[in-house]
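Visitor: Each residue of the sequence shown is one higher than the last, beginning at 1 in UniProt numbering. Just so you know, even glycine gets a beta-carbon here, dropped at the ideal spot from N, CA and C.
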Amino acid sequence: MTTFKNISLLLSRVLLGVILIPHGWQRFNEWTLAGTSEAFAGMGVPAPGLTSAIAATVELVGAIAAASLALAAAGAGLYSVDALLNNRNARTR
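If you want it as structure tokens, here you go:
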């Protein structure tokens, strides 16, 4: 790989972490799991307590994994599954 490509991949992963890690942390710290669960219940998401815990964990852990060099593919995969489930839940309402 060229140096430019390596640097651009590193910067994009760091930027991804800077954007996504605070969003995942927000579900735990500011909104709390109870608040997220209540919001999910209001949106008609099935099993809001369980799905809010899963979504918050996947968002935080997936963002950390995507931002790390070794686990970028795993983090992207976790986020993809989370997005697919959110899309599915939005369409079934």
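Under the three-state reduction of DSSP, which class applies to Glu30: helix, strand or coil?
Guide: Correct three-state label for Glu30: coil.
Visitor: Where does the unbroken alpha helix (DSSP H) through Ser52 begin, and where does it stop?
Guide: From DSSP, the alpha helix (DSSP H) with Ser52 extends over 48-67.
Visitor: For a test of the three-state rule: what should DSSP assign to Thr36, helix, strand or coil?
Guide: Thr36 falls in the helix class under three-state DSSP.
Visitor: Anyone know if the C-beta pair for Ser60 and Ile7 falls short of 8 Å?
Guide: Here the sequence assigns Leu to residue 60, which means Ser is not the residue at that position. No, these two residues do not count as a Cβ contact at 8 Å.
Visitor: Could you work out which residue in Ser68, Ser37, Ala83, Tyr79 is closest to Ser12 when comparing CA atoms only?
Guide: Looking at the Cα atoms, Ser68 is the closest of the given residues.
Visitor: Can you tell which of Glu30, Leu84, Leu78, Leu50 has its C-alpha closest to the C-alpha of Gly62?
Guide: Comparing Cα positions, the closest option is Leu78.
Visitor: Quick one: is Phe40 buried, meaning 16 or more other Cβ sit within 10 Å of its Cβ, or exposed?
Guide: Per the 10 Å Cβ criterion, buried.
Visitor: I need the straight-line Cα distance from Ser37 to Ala55, nearest angstrom please.
Guide: Between Ser37 and Ala55, the C-alpha separation is close to 10 Å.
Visitor: Excluding the 5 residues preceding and the 5 following Val81 in the sequence, name in chain order all residues of the same chain whose CB lies nearer than 8 Å to its CB.
Guide: Same-chain partners within the cutoff: Val58.
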